[in-house]
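Trainee: Count along the sequence shown from 1, then add 28; that gives the number in our numbering. Every residue gets a Cβ at the ideal spot worked out from N, C-alpha and C, and that includes glycine. It should be emphasised that the depicted structure is a prediction, and the values quoted were computed from it without experimental measurement.
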Amino acid sequence: MSLERKVRLVTRNTCSEFSPKKRGLYVLVGVPPDLNGDETYEERQDVADAISRKGFNVSEVNCHWPRDKYVWFKNSYVHSHPYYDEGGCFVLGKTYFVASADKERYWDYRIRRVKQMDTIENKLKEIHNSDFYMIPSLRRRGCDPEIHLDLSISIIESRNLMLVDERHYRQQKRIFEKIAYERSQKVVSVNCGDEANLWPMNILILDYRGKTTAVANANCKKVLKVLNKYDIDLITVPIRRLPSLGGSIRCITNTVECLSVYNKIKSSVEGR
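1) What's the call for E67, buried or exposed, on a 16-neighbour Cβ count within 10 Å?
2) Note down, in chain order, each residue of its chain lying with its Cβ closer than 8 Å to the Cβ of L63, except the 5 sequence neighbours on either side.
3) Counting along the chain, where does the alpha helix (DSSP H) carrying E223 start and finish?
4) With distances taken from CA atoms, which of L179, S186, S128 and D178 is nearest I163?
5) For E298, which three-state DSSP category applies?
6) Can you tell me the Cβ-Cβ gap for W302 and E285, rounded? I've got them flagged as a contact below 8 Å.
7) Less than 8 Å between the CB atoms is what I'm expecting for L234 and L53, so what's the real figure, rounded?
8) Between the alpha carbons of V218 and V254, how many angstroms are there, rounded?
9) On the DSSP letters alone, give me the boundaries of the beta strand (DSSP E) that L262 sits inside.
10) Between I293 and Y98, how many whole angstroms is the CB-CB distance? I'm expecting something under 8 Å.
11) Is the Cβ-Cβ distance between V216 and A246 less than 9 Å?
12) Got a sec? Which residues, its chain only, sit under 7 Å from A76 by beta carbon, not counting five neighbours each side?
13) Quick check on DSSP: helix, strand or coil for E205?
14) Assuming V19 is part of the beta strand (DSSP E), what are its boundary residues?
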């Protein structure tokens with residue numbers, strides 16, 4: 029590690045707690061101490077630092093993947109659960125969401141056995157009371173077929189926009205066209221080329237008081253070009269190692285817009 033990097037690690041703001049002077053959108057970043065010394069630990073710290081410098085409230089939490097721990101949707105909090113955890117199961121907009129069709133068979137079995145409910149669609153409607161679309165995950169040759177949805181889809185409703193990895197768009201074109209038609213939304217297929225393995229669509233979208241900010245991988249130039257085209261404020265962080273673990277910026281973060289439930293959420297995320 030370079031001397032410059034060592035000095036920065038010593039002097040950095042750890043973002044350990046929220047500042048009440050900052051604006052009311054709260055971002056949790058997974059920086060678990062057990063990764064200290066690993067390159068992915070440094071990348072996680074870089075993400076926390078970059079978001080904090082933009083004026084957002086940031087808290088580093090002892091959790092590898094905060095996105096899997098809870099859902100914050102329509103100003104309400106839902107604890108992680110087999111039927112409605114986020115992570116690879118959902119990609120949330122402000123008024124609707126997409127859900128992984130790959131989970132349907134498992135969820136349906138569990139619901140029938142434990143909850144005596146009928147279908148995953150009815151259960152999702154009951155929990156979230158919102159429109160949603162079931163989409164099979166991106167398929168890659170020789171890879172686990174259950175790739176998280178948020179690795180290939182990003183919803184930016186403030187711009188009436190959905191970004192989709194070109195490979196996923198080709199595989200599920202009819203569903204994406206249906207979303208575009210029913211929601212009058214622009215669905216943009218992005219050819220990521222050699223950058224695809226960095227999971228460029230795994231973007232953290234921060235909407236607050238009419239301003240949209242995207243936290244994205246600085247190494248994913250093709251997606252950055254699209255975001256710039258739609259006049260989205262950018263926070264860029266160079267990420268290389270993290271995608272090899274199966275996730276990127278969105279996976280290691282989560283948000284909440286209500287400080288009163290922050291302590292409850294943090295305890296849940298850290299498993300306390």
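Mentor: So, to answer that:
1) Here residue 67 refers to the residue found at position 39 when the sequence shown is read from its first residue. Of the other Cβ atoms in all chains shown, fewer than 16 fall within 10 Å of the Cβ of E67; this residue is therefore exposed.
2) Locating residue 63 in the sequence shown gives position 35, where the first residue counts as 1. Cβ neighbours of L63 within its own chain (closer than 8 Å, five residues either side excluded): Y69, R72 and H92.
3) Along the sequence shown, one-based indexing puts residue 223 at 195. Per DSSP, E223 lies in no alpha helix (DSSP H) segment and is marked neither H nor E.
4) What you label residue 163 is simply residue 135 of the sequence shown in a count that begins at 1. The residue among L179, S186, S128 and D178 with its C-alpha nearest the C-alpha of I163 is S128.
5) As a first step, residue 298 must be located in the sequence shown, where it is residue number 270. In the structure shown, E298 sits in coil (DSSP, three-state: anything other than H, G, I, E or B).
6) An answer regarding residue 302 cannot be provided, because it is not within the stretch 29 to 300 covered by the chain.
7) As a first step, residue 234 must be located in the sequence shown, where it is residue number 206. As a first step, residue 53 must be located in the sequence shown, where it is residue number 25. The Cβ separation is near 6 Å, so the contact holds.
8) In the sequence shown, the residue the question calls residue 218 occupies position 190. In the sequence shown, the residue the question calls residue 254 occupies position 226. If you take the alpha carbons of V218 and V254, they lie about 8 Å apart.
9) To locate residue 262, count along the sequence shown from 1; it is residue 234. First-last of the beta strand (DSSP E) with L262: D261 to V265.
10) Position 265 of the sequence shown holds residue 293. Position 70 of the sequence shown holds residue 98. The pair is a contact, with the Cβ atoms about 6 Å apart (cut-off 8 Å).
11) Position 188 of the sequence shown, counting from 1, holds the residue named residue 216. Position 218 of the sequence shown, counting from 1, holds the residue named residue 246. Remark: C-beta atoms of V216 and A246 do not approach each other more closely than 9 Å.
12) Residue numbering aside, residue 76 sits at position 48 when the sequence shown is read from its first letter. Cβ within range, chain order: C43, V57, V59, V86 and E88.
13) Within the sequence shown, numbered from 1, the residue matching residue 205 stands at position 177. E205: helix per DSSP, three-state reduction.
14) One cannot answer for residue 19 here, as it falls past the ends of the chain, which runs 29 to 300.
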